[in-house]
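First residue of the sequence shown: 13, per the numbering used here; consecutive thereafter.
Everything below concerns the one structure shown next.
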Amino acid sequence: MDYDVRDCVGVALAPTWLDWTPSVVLGVEAQREDMFVGDAAFLYTYEPTNRCGHCGEDDNEAAPVLAGDTWTTSVCSGCATVHAFGGLFGILPVAA
């Protein structure tokens, strides 16, 4: 236990994280620090890609966007901005 959980950006926990004490400690410490704590299986459902799922352009900053309580496919910042202002309402692609 020679680490500081605050040195991490977030924690992705395997489905069996409660079966191993160090994983439980890591998850609880991350939650106490109000860090991102997510299920690894959920994260793996979105293929990392630099291609915008809306306009199809390659963009190094393309990333999924949280739309309500659902994550979209990777979207470039231009399309995300247009969507934020209502320009892509209802058509922003959602990851399967």
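All C-beta atoms, glycine included, are put in the ideal place defined by N, C-alpha and C.
Note that the structure is a prediction, hence the values are computed from the model and not measured.
Asked, Found
"Cβ of Gln43 within 8 Å of any chain B Cβ", "The structure shown contains no chain B; it is built from a single protein chain."
"Distance between Ala53 and Pro34 (C-alpha atoms, nearest Å)", "19 Å"
"For Gly65 and Thr89, believed in contact at Cβ under 8 Å, the rounded distance", "Just to set this straight, residue 89 is Ser in the shown sequence, not Thr. Actually they do not touch by this definition, with Cβ atoms about 13 Å apart."
"Cα-Cα separation, Arg18 to Trp32", "21 Å"
"Three-way DSSP call (helix, strand, coil) for Val11 in this model", "In the structure displayed, the chain extends from 13 to 108; residue 11 sits before or after that span and is not available."
"Proximity of Val36 and Leu30 at Cβ, strictly below 8 Å", "yes"
"Outcome for Pro27 when other beta-carbon atoms lying within 10 angstroms are tallied against a minimum of 16", "exposed"
"Proximity to Asn62 [Cα-Cα], best of Ala24, Asp71, Leu55", "Asp71"
"Three-state secondary structure (DSSP) of Trp83", "strand"
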